[in-house]
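Following: one structure in structure tokens, then a few remarks.
Protein chains: 2
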Amino acid sequence: MMPGKKHSKKRDAILRAIQSTQLHPGAQWVYDTLKPEIPGLSLGTVYRNISLFLKEGEVVSVGVVGGEERFDGRVEPHPHAVCLRCGSVTDIPGIDDAARNLLAHGGAPKGFRIDYTKTVFYGLCGACSS
Amino acid sequence: MMPGKKHSKKRDAILRAIQSTQLHPGAQWVYDTLKPEIPGLSLGTVYRNISLFLKEGEVVSVGVVGGEERFDGRVEPHPHAVCLRCGSVTDIPGIDDAARNLLAHGGAPKGFRIDYTKTVFYGLCGACSS
DNA sequence: TATATAATAGTAATAGTTATTATTATTATT
DNA sequence: AATAATAATAATAACTATTACTATTATATA
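Structure (structure tokens):
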């Protein structure tokens, strides 16, 4: 009865899976990764719980890469680099989005209330450009 | 025999449709808009030609909004504002992405070659926030 | 333990997009 | 202009990521 987070072994596992990698995985990756240790896991459960995490702000969407939505367990706003060849997504730390955000407020369309910003750099990752 | 652009009434109409609006439309909108004046037009043709435009750089993708990919006929890089409620996409002119781009080069992952940047602001548009 | 509530698996359904193929239009060549 | 080669298209089927649905199972509460 102690007020706290909602429980469910599977839900927790899904959140931890997303938080414990820097791959910015999609739902399928989470499913494939957890399935061996949690045989009774369905893809629908992964999708449903990720939706919950998004709503509760425990996970954030990086956007759609190659037709698949990718997620990030690090919720502080920061830019990402997406490889156009292999689809890898990399964090770009150390660059604060907030300043950019402020800067943009001046130019925002009349009456538009900005909630958050996403900055994505597209190109070729180290592995794919060498 | 004069070297010039490739032709096709439908192809041209599709490109002009995208270029002549600020709605940042998706494929379905282009189809719905042109269908009355070009009854013999199929959705597949719209998709196929948009893919060509993307490859040739005549059109640029704004990203996926509400599960649908949206396009822009203005190809100079500039940020966009996406309304989380109605899905409208608005240009944000007057803010140069290039500076931001440069700024980011320092922080980009080792070996990552940046080709272009996309900055999107999410929030509520004027109509939806009032 | 009994009862109410929430979470899940499995499956079906949906929607955007891409591929296929037969046909039609366009371009090049004679 | 007539014919041959090429490109573009419509119509349809296929595909994929995602969501909805439903019967079942697990969890929490009394």
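If you read the protein sequences in the order shown, they are chains A and B. Using our numbering, the letters of the first sequence correspond one by one to residues 17 to 146. Using our numbering, the letters of the second sequence correspond one by one to residues 17 to 146. Beta carbons are placed, not taken as given, at the ideal position from N, Cα and C, and that holds for glycine.
**Study point:** Neighbouring residues, chain B, relative to Arg129 (chain A) (Cβ below 7 Å)
**Key:** Against the first sequence, residue 129 (chain A) aligns to sequence position 113. Per Cβ cutoff of 7 Å: Gly139, Leu140, Ser145.
Practice item. Count the C-beta pairs between the stretch 29 to 43 of chain B and the stretch 86 to 97 of chain B that are closer than 8 Å, then say yes if the count reaches three, no if not. Key: Yes, the stretch 29 to 43 of chain B touches the stretch 86 to 97 of chain B.
Practice item. Go to Phe69 (chain B), then tell me how far its alpha helix (DSSP H) extends in each direction, as first and last residue. Key: Mapped onto the second sequence, residue 69 (chain B) falls at position 53. Bounds of the alpha helix (DSSP H) holding Phe69 (chain B) are 59 to 72.
Point to revise | Contacting residues, own chain, Cβ-Cβ under 7 Å from Phe69 (chain A) (five flanking each side not counted) | key: The sequence position of residue 69 (chain A) within the first sequence is 53, counting from 1. Once the five neighbours on either side are set aside, the close Cβ partners of Phe69 (chain A) are Leu31, Val75.
Review point. Any chance the stretch 49 to 57 of chain B sits against the stretch 99 to 106 of chain B, with 3 or more Cβ pairs inside 8 Å?
Key: No: fewer than three Cβ pairs fall under 8 Å.
Practice item. Could you check what DSSP says for Val46 (chain B) in three-state terms: helix, strand or coil? Key: In the second sequence, counting from the first residue as 1, residue 46 (chain B) sits at position 30. Note: Val46 (chain B) maps to helix in three-state DSSP.
Check your understanding: By DSSP, does Ser77 (chain B) sit in helix, in strand, or in coil?
Key -> Translated into the one-based positions of the second sequence, residue 77 (chain B) becomes position 61. Assignment of Ser77 (chain B) by DSSP, reduced to helix, strand and coil, places it in the strand class.
Review point. What span of residues does the alpha helix (DSSP H) with Lys26 (chain B) cover, start to end?
Key: As a first step, residue 26 (chain B) is located in the second sequence; it is residue number 10 there, counting from the start. Residues 25 to 35.
Exercise for review: For His80 (chain B), decide whether its Cβ has a neighbour in chain A, counting only Cβ atoms nearer than 9 Å.
Suggested key: By one-based count along the second sequence, residue 80 (chain B) stands at place 64. Reading the sequence as shown, one finds Val at residue 80 (chain B) and not His. Yes, because at least one Cβ of chain A sits closer than 9 Å to the Cβ of Val80 (chain B).
Point to revise | Residue range of the alpha helix (DSSP H) that includes Cys144 (chain B) | key: Your numbering for residue 144 (chain B) matches position 128 in the second sequence. Boundaries of the alpha helix (DSSP H) harbouring Cys144 (chain B): 142 to 145, taken from the DSSP string.
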